[in-house]
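Its first residue numbered 1, the sequence shown is counted upward by one per residue in the working numbering.
Scroll down for the structure; my scribbles are underneath it.
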Amino acid sequence: RLARFCRLARITRVIRQFDSLRLMLLAILDSMSSLFWCFVIIGLVQYVFAIMFVNATTEYFSMLEADGGISTHEDVQAARDLKSDYGGIYRAWISLFMVISGGADWRDLYKPLLASSPLYGPLFIFYVFVMHFGVLNVVVGTFVATATEIASKDREALVKYEIRQMEGYTARIKTFFHEADVDNSGTLTWEEFSDHLNNRKVKAYFQALDLDVSQAHLLFELLDADGSDQVTIDEFLDGCMRLKGNAKSIDLNMLIFMIRKCNDNMIAFLDKAEARLQRVEDNIGMSPSMEPEKEKKRSPSGELY
């Protein structure tokens, strides 16, 4: 038993190395409840149509008995096919399942129903339409949604996906930088940057990297962190990673935090300045009589105040 447990643990570790296989197994296990209810729904729909087609078979044989039995070769073939495909609820259910699962060509199962009544032909086509374009698409969509939900909750898959996205974005940024650096100096000047962006395809490619180039000079100044009028590849990568996309919640909250901090520092500075000014006034002994005389003004009535 210990050896079996060790083998199982080893298999589990091996499976963890294969992300796709692990996600697939988790999706299958998590979809068992959905699979059961899909089976119930498909089974009920097929059961309803199976009853209709068994009724068609019964009416056909009743009609043959009323006409005196089987008389032609076509009647023999139709009776044989109807009995084989729709001779009971279970047979009809299996035949209808084969129609949607590829076990039989639906045209071969369609022809015997026309012998009983022309009305069952459109009914059979309606069944094929509902199952193929309605029920089965919903079933596939359910499994896809389940797999997507599992992948979004899987921590390792999320980490690897983000790493792949970041590596791909970094590679595209480096490609843009090397194409714009025409003198191969390892730095990008404003002239090289603007000349490269004059190309419409390059401008569209830069837009595809979630970077707004409508104000190219301002963008270059933001990328030039040290103010040297030249952007190195490290500055270019860091700046593009920081400026791509729209403003996020963390950016807005950071801006609010910095504004509040600056406001608190300003208030603290004004309080200290006022306190020091008060001490200076106290030290020099400034009295109210030493304050500069205010300029007198004349009121509309002619009085000084």
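C-beta atoms are modelled at their ideal positions from N, C-alpha and C, and glycine is treated no differently.
Asked                                                                                                                                                                                           : Found
So what does DSSP say about Leu188, is it helix, strand or coil?                                                                                                                                : strand
Specify the secondary structure class of Val182 as computed by DSSP and reduced to three states.                                                                                                : coil
Let me make sure I understand the geometry here. Which of Leu209, Asp195, Ser194 and Thr142 has the alpha-carbon closest to that of Ala171?                                                     : Leu209
Measuring straight from C-alpha to C-alpha, what distance separates Asp81 and Val140?                                                                                                           : 32 angstroms
Between which two residues does the beta strand (DSSP E) containing Val231 stretch?                                                                                                             : Gln230 to Thr232
Flag this pair as yes or no: are the beta carbons of Ala79 and Phe61 separated by less than 8 angstroms?                                                                                        : yes
Please tell me whether, using a cut-off of 7 angstroms, the distance from the CB of Ile51 to the nearest non-hydrogen atom of the ligand PLP is below it.                                       : With respect to the ligand PLP, the structure shown offers nothing to examine, as it has no ligands at all.
Let me confirm a value: Pro112 is counted as buried when at least 16 other C-beta atoms fall within 10 Å, else exposed. Which label applies?                                                    : buried
If you draw a straight line from the C-alpha of Lys244 to the C-alpha of Asn253, how long is it?                                                                                                : 18 angstroms
Give every residue of the same chain whose Cβ lies closer than 8 angstroms to the Cβ of Glu192, excluding the five residues on either side of it in the sequence, and list them in chain order. : Ala180, Asp181, Val182 and Asp183
So for Lys296, helix, strand or coil by DSSP?                                                                                                                                                   : Bear in mind that the predicted position of Lys296 carries a pLDDT of just 48, short of 50, making it too unreliable to give a figure here.
Is it the case that the stretch 33-47 contacts the stretch 119-136, given that we only count it when at least three CB pairs across the two stretches are under 8 angstroms?                    : yes
Which one of Thr142, Asn137, Val138 and Asp105 has the shortest CA to CA distance from Phe124?                                                                                                  : Asp105
In this structure, does DSSP put Leu211 in helix, strand or coil?                                                                                                                               : coil
CA-CA distance, Met241 and Val138?                                                                                                                                                              : 40 angstroms
How about Leu109 and Asp85: are their beta carbons less than 8 angstroms apart?                                                                                                                 : yes
By the 10 Å Cβ neighbour count, where 16 or more other Cβ atoms means buried, how is Thr175 classified, buried or exposed?                                                                      : exposed
Alpha carbon to alpha carbon, what distance is there between Lys272 and Ala225?                                                                                                                 : 34 angstroms
Tell me whether the beta-carbon of Leu96 lies closer than 8 angstroms to the beta-carbon of Ala50.                                                                                              : yes
Please state if the CB of Phe236 and the CB of Phe143 are separated by a distance shorter than 8 angstroms.                                                                                     : no
In or out: Val40 buried (at least 16 other Cβ within 10 Å) or exposed?                                                                                                                          : exposed
Rounded to whole angstroms, what is the Cα-Cα separation between Met258 and Ile28?                                                                                                              : 49 angstroms
Alpha carbons only, please: which of Glu59, Trp37 and Ser249 is nearest the one belonging to Val135?                                                                                            : Trp37
Ignoring anything shorter than 4 residues or poking outside the stretch 28-81, list the alpha helix (DSSP H) runs there in chain order.                                                         : 32-66
Need the endpoints of the alpha helix (DSSP H) that Lys111 sits in, please.                                                                                                                     : Trp106 to Ser116
For Leu188 and Gln165, what's the separation of their Cα atoms in angstroms?                                                                                                                    : 25 angstroms
Measuring straight from C-alpha to C-alpha, what distance separates Asn283 and Leu255?                                                                                                          : 42 angstroms
Can you tell me where the alpha helix (DSSP H) holding Ile89 begins and where it ends?                                                                                                          : Ile89 to Ser101
Give me the residue from Leu222, Ser31 and Arg91 with the minimum Cα distance to Trp190.                                                                                                        : Leu222
Taking Val99 as the reference, give the member of Lys83, Met266, His73 and Tyr127 with the closest Cα.                                                                                          : Tyr127
Does Ile284 come out as helix, strand or coil in the three-state DSSP assignment?                                                                                                               : coil
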